[in-house]
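K.L.:
First the structure, which I've put down as C-alpha cells, then a few questions once you've had a look.
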Amino acid sequence: MKFSIYRYNPEKDNKPYMRDYELELLPTDRMLLDAILRIKTMDDSLGLRKSCREGVCGSDGMNINGKNGLACVTPLKDLKEPVVLRPLPGFPVIRDLIVDMGQFFKQYHSVKPYLINDNPPPQKERLQSPEDREELDGLYECVLCGCCSASCPSFWWNPDKFVGPAALLQAYRFIADTRDEATSERLDNLEDPYRLFRCHTIMNCADACPKGLNPTEAIGRIKKQMVKRMV
Amino acid sequence: MALPRQIFDTVIVGGGGSGLRAALQLAEAGNHVAVFSKVFPTRSHTVAAQGGIGASLGNMQEDHWLWHMYDTIKGSDYLGDQDAIEFMCRKAAEVVYELEHFGMPFDRNPDGTIYQRPFGGHSQNFGQRPVQRACAAADRTGHAMLHTLYQRNVRAHCQFFVEWMVLDLIRDYEGVVVGIVALEMETGQPMIFQAKSTILATGGAGRIYQSSTNAFINTGDGLGIAARAGIPLEDMEFWQFHPTGVAGAGVLITEAVRGEGGILLNSKGERFMERYAPTMKDLASRDVVSRAMDKEIKEGRGAGPEKDYVLLKLDHLGTEVINKRLPGILEIALKFANVDPTRDPIPVVPTCHYQMGGIPTNYYGQVVAPRGSSGSNEVVPGLYAIGECACVSVHGANRLGTNSLLDLLVFGKSAGDHVREWLKGNPQHRDLPQDAADRSLERLARLDNAESGENISEVAAAMRRTVQHHAGVFRTGKLLAEGVTKIQQVAERARNTAIKDKSRVFNTARIEALELENLVIVAEATLVAAEARTESRGAQAREDFKDRDDKNWLKHSLWYLEGSRLDYKPVNLQPLTVESFEPKVRVY
Ligand SMILES: Cc1cc2nc3c(=O)[nH]c(=O)nc-3n(C[C@H](O)[C@H](O)[C@H](O)COP(=O)(O)OP(=O)(O)OC[C@H]3O[C@@H](n4cnc5c(N)ncnc54)[C@H](O)[C@@H]3O)c2cc1C
Ligand code: SF4
Ligand code: SF4
Ligand code: FES
Chain L
29 MKFSIYRYNP
39 EKDNKPYMRD
49 YELELLPTDR
59 MLLDAILRIK
69 TMDDSLGLRK
79 SCREGVCGSD
89 GMNINGKNGL
99 ACVTPLKDLK
109 EPVVLRPLPG
119 FPVIRDLIVD
129 MGQFFKQYHS
139 VKPYLINDNP
149 PPQKERLQSP
159 EDREELDGLY
169 ECVLCGCCSA
179 SCPSFWWNPD
189 KFVGPAALLQ
199 AYRFIADTRD
209 EATSERLDNL
219 EDPYRLFRCH
229 TIMNCADACP
239 KGLNPTEAIG
249 RIKKQMVKRM
259 V
Chain P
5 MALPRQIFDT
15 VIVGGGGSGL
25 RAALQLAEAG
35 NHVAVFSKVF
45 PTRSHTVAAQ
55 GGIGASLGNM
65 QEDHWLWHMY
75 DTIKGSDYLG
85 DQDAIEFMCR
95 KAAEVVYELE
105 HFGMPFDRNP
115 DGTIYQRPFG
125 GHSQNFGQRP
135 VQRACAAADR
145 TGHAMLHTLY
155 QRNVRAHCQF
165 FVEWMVLDLI
175 RDYEGVVVGI
185 VALEMETGQP
195 MIFQAKSTIL
205 ATGGAGRIYQ
215 SSTNAFINTG
225 DGLGIAARAG
235 IPLEDMEFWQ
245 FHPTGVAGAG
255 VLITEAVRGE
265 GGILLNSKGE
275 RFMERYAPTM
285 KDLASRDVVS
295 RAMDKEIKEG
305 RGAGPEKDYV
315 LLKLDHLGTE
325 VINKRLPGIL
335 EIALKFANVD
345 PTRDPIPVVP
355 TCHYQMGGIP
365 TNYYGQVVAP
375 RGSSGSNEVV
385 PGLYAIGECA
395 CVSVHGANRL
405 GTNSLLDLLV
415 FGKSAGDHVR
425 EWLKGNPQHR
435 DLPQDAADRS
445 LERLARLDNA
455 ESGENISEVA
465 AAMRRTVQHH
475 AGVFRTGKLL
485 AEGVTKIQQV
495 AERARNTAIK
505 DKSRVFNTAR
515 IEALELENLV
525 IVAEATLVAA
535 EARTESRGAQ
545 AREDFKDRDD
555 KNWLKHSLWY
565 LEGSRLDYKP
575 VNLQPLTVES
585 FEPKVRVY
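Just so you know, the protein sequences line up as chains L and P, in that order. Those letters in the first sequence? Residues 29 to 259, by my numbering. Those letters in the second sequence? Residues 5 to 592, by my numbering.
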C-alpha cells in the first residue's frame, strides 16, 4: 500500500515536504495506525502521537486523505491510495504529524469545563432522573481529539477568539447538566461576536467527529438558550 | 552538566485517575503541586476503563462494605493485605459520592440514584448470589471519571507538565526522595524538579505482553524508576488475563457485557462456565474464567477456523439494552471484530489486562521497603505510589473487576491527605545530592552516542514474545526457567540499543527507547518471580504445582533489580477493625 506523509523536523528542514512510503500489508494490519507504526519501525524519525489504539484517548487525530480522523479507528480497507497523511489543519505543526494543541486546550479551559454548583452536596449522590441524564449523551463522550475544530474555517482564522466546536460542545455539556447552576454565567461567557457567534453552521465539525458527536447541534442549542433568555 | 531546576512542594508522576485524584486533594488544599504526564491527562489509560467502579452503595439490592471486603479477599486468593482491603471497601461509597459531586455523569436509576451493575466476583452475603455493585457511566466509566477529575483539577488551578517524561527519582545520601529528573518532549530538554514529596502514579505495564488490552504508553515507567532507585517490586508474577479481549486485536470487551447478561459459548454452543463455576457461572472471578476458556480451547472446543477463541453472545440482551448500556462495545465489536453484536457473538480470548503487583506501599500510599535484613517494612521517606503502579496490596493474586478504579480514588485521596501531613512535619526542601541527575543523563547520553546497536522495535518484539509464551495463562517450571534465560538476554540487548534519529524536538524514537528500558525491567521481574513461586494462586497457574500452598507461599514476593534478587514478606491477614478472613478453598 502506498502512503504519502507530511514530514517536517524544525531542526533540519527549512520547510515541510511530503515523503512517500510503500508498505506490504500483513493480515494483522487492520487500521491505519497499524500501518503507520510499521512504517515507523522502518523510519524511526516519523513523529506522531498515539496511545489507546481504540479511539478513546484522542491522541492520533490527523488529516487522512483530506478528512480529519483518528488513525486507530480508520480501517485501511476504506482508504484510497496513495493514503495522504497530514497534520490536523489550522494548528501549528511541532513536528511531522504532531501539532501544537495549546490554543485548542486554552479554549476548552475558557468555557469552565467543570460542574459549578455551590450548594453543599448531600451526604449521598445528587439525584438526577434517567431522562435528565440522557441530555448528556452525545456530549460527555468527547475525546478532545481536535478533529472538529481542525475542520472549522472559523477556528482556523480566529483560534484565539472563537471558542471552536469542541469547547462549545463541552460548554453545552455543562449547560445541559441539571446539576449545574451556572447556566447564565456560562451564556454570558459566550455572548460575544467571536466566542460563539463566529460559528456559521457549516457543519464541517459534525462531519469530522470520529465519535459521531454533533457540535453544530450543541451550538444551535446554546444559541436558542440565549434567544430564550432575551425574551 | 548543570540542569535547569524548578521547585515544588509535591510532584506527581502521572495524570491518570490516581494521579489526578491525589492532585486534586493537594491543589484544593493550596499545596504547590505539579503533575507530570507523557500525554495530555485525559489521554491516560484510565480513559479506556469501561465497566464500573465498585462500591457497596446498595442502590439496587442490599449491600455492605464487609461483603465487598470478603469478595475482594477471596478474589485475591488470600494474597491481599486485609488492612488495606478493609480501608478501601469502607471508603468506597464516600469516594464515589464525591466523584458524583464533582460532576461525574453516572447512569441513573428511576429514583435518581447511581445505576449499578453486576460484575465478576461481586456477591451478596459472602458469596451467596451476584450483587449489583459496579457504579457505571454506560460502558465508558473510565472516560467519564478521568475527564471529571481533570475538569475538577482545572477548577483547582492545578499545574500540569504535559508531554514530559519522568526519567528517574533523585534520592539523597540518606535515601530520602527529593525530586525527579524529567524530559520535556517538545524540546528534548531534561530538567530537575526538586520536591518535598513525590508521588508515582504511572499506571500499568501491560505492554510487556504481545496480546494486551493496554495502551502503548503503559510501559511500566514508574516500576523502572523505582527499581533503578533500589526499591523492590512486589508480586510481579501476578498478571490478570481478562477473559474477553477481542481475538486478534486485544481490544477489551468489558465484563459488564456478562454483568448485563452476556454468556460465553464454546464451539458446541455450550455455556461451559456452568461446569467450572456452578453458582457465579460467567461471573466467576477473572482468573477462573480465563483458565476455563484456555482449557476449552486447548481441549479442542474453541470456535472459529483455527478453533482458537470462544464466543461471547449478547444478542439476547436486545438492541435497546446494548445501545443504552453498552454503546462503546457495539462500536468496538463493529470496528475491531467485524461483528454486529446485536446479531452475532464476538470472538474473544484471554488477554493480558492488569498488573496486580507493583511498588510496595502501605494504605497511606507511602512506599515501604524492607531495610537491611530485618524483614520489617520501612517507609521510603518522601516517596508515595498509587494506582496500578502500586501494590498496596488490595488485589493480591487476582483483582476483581471495578476494584481498580476504586483503588485509584481511595488511595489517590489518602496519599494526598498523607502528603499534607508529611509536609507539615517536613516543611523544608532538602539539599539535592551532587549526582542528582547523573543516572538520567547517562541514559540519555548513551542513546545520543550509540552509533549502531540493537533496533528498538525488534528488541521490544522479542520481549513481548518471550513474556507471552513463557508467562501466559498456564505456566510450568521448565517454561518459566527458559523464559528467565531468554528475558535476561533480551535485557542485555536492551542495554545496547541505538536510535537513528538523534534530534531533540519531539523525538518519539528516544522516548520509545527509554520506555523499553522500563519494560524489560518489568518483564524480568515477572519471569523471575513467577519461576520462584512453586504454587498456583490467583493469576499464577502452574501446571507443575496445581494447588495453592498456604504453608509455604502465603507471602508477597519482592524483586530487586540489583542481581535480579528475590525476597519475601508476609501477607497482612489482620484487618483494621473486623475479624480476619482465614484462607479457604475458593469455589464460585
Ligand atoms: C481496557 C481497560 C478497561 C478497564 N476497565 C476497568 C473497569 O471497568 N473498572 C476498573 O476498576 N478498572 C478497569 N481497568 C483498570 C483501570 O482502568 C486501570 O488500572 C487504571 O485506570 C490505572 O490508572 P492509573 O491512574 O494507575 O494509571 P493510568 O490511567 O494508566 O495513568 C498513568 C499516567 O502516568 C503517566 N506516566 C506514565 N509514565 C510516565 C513517565 N515516565 N513520565 C510522566 N508521566 C508518566 C501517563 O502519562 C498517565 O498520565 C481497565 C483497564 C483497561 C486497560
Ligand atoms: S458548524 Fe460552526 S463550529 Fe462547526 S465547523 Fe461550522 S462554523 Fe465551525
Ligand atoms: S467533538 Fe468529536 S471531533 Fe471534536 S474533539 Fe470531541 S471527539 Fe474530537
Ligand atoms: S490512539 Fe487513542 S484515539 Fe487513537
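All C-beta atoms, glycine included, are put in the ideal place defined by N, C-alpha and C.
Please identify the residue among P:406, P:266, P:31, P:553 whose C-alpha is closest to the C-alpha of residue 100 of chain P.
P.N.:
Residue mapping note: residue 100 of chain P aligns to position 96 of the second sequence, counting from 1. For the residues P:406, P:266, P:31, P:553, the minimum Cα distance to residue 100 of chain P belongs to P:406.
K.L.:
Could you tell me the distance, in whole angstroms, from the CA atom of residue 482 of chain P to the CA atom of residue 102 of chain P?
P.N.:
What you label residue 482 of chain P is simply residue 478 of the second sequence in a count that begins at 1. What you label residue 102 of chain P is simply residue 98 of the second sequence in a count that begins at 1. Those two C-alpha atoms are separated by around 49 Å.
K.L.:
Use the C-beta contact count for residue 16 of chain L: other C-beta atoms within 10 angstroms, 16 or more gives buried, fewer gives exposed.
P.N.:
In this structure chain L extends from 29 to 259, so residue 16 of chain L is not present and cannot be described.
K.L.:
Taking the beta carbon of residue 19 of chain P as the centre, do at least 16 other beta carbons fall within 10 Å, making it buried, or is it exposed?
P.N.:
Residue mapping note: residue 19 of chain P aligns to position 15 of the second sequence, counting from 1. Buried.
K.L.:
Among residues of its own chain, excluding the 5 on either side of residue 280 of chain P, which ones have a beta-carbon nearer than 6 Å to its beta-carbon?
P.N.:
Here residue 280 of chain P refers to the residue found at position 276 of the second sequence. These residues qualify, in order along the chain: 296.
K.L.:
If you drop the 5 nearest sequence neighbours on each side, which residues of the same chain put their C-beta closer than 7 Å to that of residue 528 of chain P?
P.N.:
Residue mapping note: residue 528 of chain P aligns to position 524 of the second sequence, counting from 1. Contacts found: 491, 492, 495, 568.
K.L.:
Tell me, to the nearest whole angstrom, how far the beta carbon of residue 557 of chain P is from that of residue 533 of chain P; I am working on the premise that it is less than 8 Å.
P.N.:
Your numbering for residue 557 of chain P matches position 553 in the second sequence. Your numbering for residue 533 of chain P matches position 529 in the second sequence. Not confirmed; about 12 Å, so no contact.
K.L.:
Could you work out which residue in P:385, P:95, P:359 is closest to residue 72 of chain P when comparing CA atoms only?
P.N.:
Here residue 72 of chain P is taken as the residue at index 68 of the second sequence, counted from 1. Nearest option by C-alpha distance: P:95.
K.L.:
Would you mind telling me which residues of chain P sit closer than 7 Å to residue 87 of chain L, beta carbon to beta carbon, in chain order?
P.N.:
Position 59 of the first sequence holds residue 87 of chain L. Correct list: 43, 47.
K.L.:
List, from N- to C-terminal side, the alpha helix (DSSP H) runs of 4 residues or more that fit wholly inside the stretch 104-180 of chain L.
P.N.:
Whole alpha helix (DSSP H) segments, 4+ residues: 130-138, 158-162.
K.L.:
Does residue 350 of chain P come within less than 7 Å of chain L when only Cβ atoms are used?
P.N.:
The sequence position of residue 350 of chain P within the second sequence is 346, counting from 1. False, the Cβ-Cβ gap to chain L never drops below 7 Å.
K.L.:
Counting only Cβ pairs nearer than 8 Å, list the residues of chain P close to residue 272 of chain L.
P.N.:
Missing from the structure shown is residue 272 of chain L; chain L here goes from 29 to 259 and no further.
K.L.:
Of all Cβ atoms in chain P, is any one closer than 7 Å to the Cβ of residue 37 of chain L?
P.N.:
Against the first sequence, residue 37 of chain L aligns to sequence position 9. Yes, residue 37 of chain L lies at the interface with chain P (some Cβ there is under 7 Å from its Cβ).
K.L.:
Going straight from the alpha carbon of residue 252 of chain P to that of residue 69 of chain L, what length do you get?
P.N.:
Position 248 of the second sequence holds residue 252 of chain P. Position 41 of the first sequence holds residue 69 of chain L. Cα to Cα, residue 252 of chain P sits roughly 21 Å from residue 69 of chain L.
K.L.:
Relative to chain L, which residues along the stretch 111-129 of chain P have a C-beta separation below 9 Å, given in chain order?
P.N.:
Correct list: 111, 112, 113, 114, 115, 116, 117, 118, 119.
K.L.:
Report the option in L:180, L:167, L:177 whose CA atom is closest to the CA atom of residue 151 of chain P.
P.N.:
To locate residue 151 of chain P, count along the second sequence from 1; it is residue 147. Closest by alpha carbon: L:167.
K.L.:
Considering only C-alpha positions, which residue in the set P:336, P:409, P:464, P:67 is nearest to residue 82 of chain L?
P.N.:
Indexing the first sequence from 1 puts residue 82 of chain L at position 54. Measuring from the Cα of residue 82 of chain L, the nearest candidate turns out to be P:336.
K.L.:
Tell me which same chain residues have a C-beta within less than 7 Å of the C-beta of residue 222 of chain P, skipping the five on either side of it?
P.N.:
For the purposes of this step, residue 222 of chain P is taken as residue 218 along the second sequence, with counting starting at 1. The answer, listed in chain order, is 49, 207, 208, 209, 210, 211.
K.L.:
Considering only the alpha carbon of each residue, which of P:334, P:291, P:301, P:352 lies closest to residue 315 of chain P?
P.N.:
Counting from one through the second sequence, the residue named residue 315 of chain P turns up at place 311. Checked all of P:334, P:291, P:301, P:352; the closest Cα to residue 315 of chain P is P:352.
K.L.:
In whole angstroms, what separates the C-alpha of residue 180 of chain L from that of residue 229 of chain L?
P.N.:
To locate residue 180 of chain L, count along the first sequence from 1; it is residue 152. To locate residue 229 of chain L, count along the first sequence from 1; it is residue 201. The straight-line gap from Cα to Cα measures roughly 10 Å.
K.L.:
Is any non-hydrogen atom of ligand 4 found closer than 6 Å to the C-beta of residue 79 of chain L, if you look at the structure I gave you?
P.N.:
Residue mapping note: residue 79 of chain L aligns to position 51 of the first sequence, counting from 1. Yes, Cβ of residue 79 of chain L sits closer than 6 Å to a heavy atom of ligand 4.
K.L.:
Less than 6 Å separating the Cβ of residue 250 of chain L from some heavy atom of ligand 2?
P.N.:
By 1-based counting over the first sequence, the position of residue 250 of chain L is 222. No - ligand 2 has no heavy atom lying nearer than 6 Å to the Cβ of residue 250 of chain L.
K.L.:
Can you list the residues of chain L that residue 505 of chain P reaches, using a CB-CB cut of under 8 Å?
P.N.:
Within the second sequence, the letter at position 501 stands for residue 505 of chain P. Per Cβ cutoff of 8 Å: 72, 73.
K.L.:
Should residue 309 of chain P be labelled buried (16 or more other beta-carbon atoms within 10 Å of its own) or exposed?
P.N.:
The residue labelled residue 309 of chain P in the question sits at position 305 within the second sequence. Result: exposed.
K.L.:
Could you give the distance in angstroms between the alpha-carbon of residue 217 of chain P and the alpha-carbon of residue 267 of chain P?
P.N.:
Working through the second sequence from its first residue, we reach residue 217 of chain P at position 213. Working through the second sequence from its first residue, we reach residue 267 of chain P at position 263. Answer to the nearest angstrom: the Cα atoms are 20 Å apart.
K.L.:
Counting C-beta neighbours from all protein chains within 10 Å, is the total for residue 301 of chain L 16 or more, i.e. buried, or is it exposed?
P.N.:
The structure shown does not extend to residue 301 of chain L, since chain L is modelled only from 29 through 259, so no value can be given for it.
K.L.:
Which same chain residues, not among the five before or five after residue 520 of chain P, have their C-beta less than 8 Å away from its C-beta?
P.N.:
Residue 520 of chain P sits at position 516 when you count from the first residue of the second sequence. These residues qualify, in order along the chain: 223, 460, 463, 464, 467, 498, 501.
K.L.:
Starting from residue 152 of chain L, find everything on chain P with Cβ-Cβ shorter than 7 Å and list it in chain order.
P.N.:
Along the first sequence, one-based indexing puts residue 152 of chain L at 124. Correct list: 101.
K.L.:
Along the alpha helix (DSSP H) that carries residue 486 of chain P, what are the first and last residues, could you check?
P.N.:
Within the second sequence, the letter at position 482 stands for residue 486 of chain P. It spans 481-498 - the alpha helix (DSSP H) in which residue 486 of chain P sits, taken as one unbroken run.
K.L.:
What are the residues in the stretch 205-236 of chain L lying within 9 Å of chain P by C-beta distance?
P.N.:
For the stretch 205-236 of chain L, which is checked against every Cβ of chain P, the residues closer than 9 Å are 205, 207, 208.
K.L.:
Would a check of beta-carbon distances place residue 176 of chain L closer than 7 Å to chain P?
P.N.:
By one-based count along the first sequence, residue 176 of chain L stands at place 148. No, residue 176 of chain L does not count as interfacial toward chain P.
K.L.:
Any C-beta of chain L within less than 7 Å: which residues of the stretch 507-539 of chain P qualify?
P.N.:
The residues in question are 507, 508, 509, 510, 512, 513.
K.L.:
With 7 Å as the threshold, decide whether the Cβ of residue 155 of chain P is near any Cβ in chain L.
P.N.:
In the second sequence, counting from the first residue as 1, residue 155 of chain P sits at position 151. Judged by the 7 Å Cβ criterion, residue 155 of chain P is in contact with chain L.
K.L.:
Any chance the stretch 363-372 of chain P sits against the stretch 253-264 of chain P, with 3 or more Cβ pairs inside 8 Å?
P.N.:
The answer is no - the stretch 253-264 of chain P does not touch the stretch 363-372 of chain P, with fewer than three Cβ pairs under 8 Å.
K.L.:
Scan the stretch 50-129 of chain P and note each continuous beta strand (DSSP E) run of 3 residues or more that stays entirely inside, going in chain order.
P.N.:
As far as the stretch 50-129 of chain P is concerned, its whole beta strand (DSSP E) runs of at least 3 residues are 120-128.
K.L.:
Ordered along the chain, which non-local residues of its own chain (more than five positions away) have a Cβ less than 8 Å from that of residue 480 of chain P?
P.N.:
Taking the first residue of the second sequence as position 1, residue 480 of chain P is located at position 476. Within the same chain, residue 480 of chain P has close Cβ partners 546, 547, 548.
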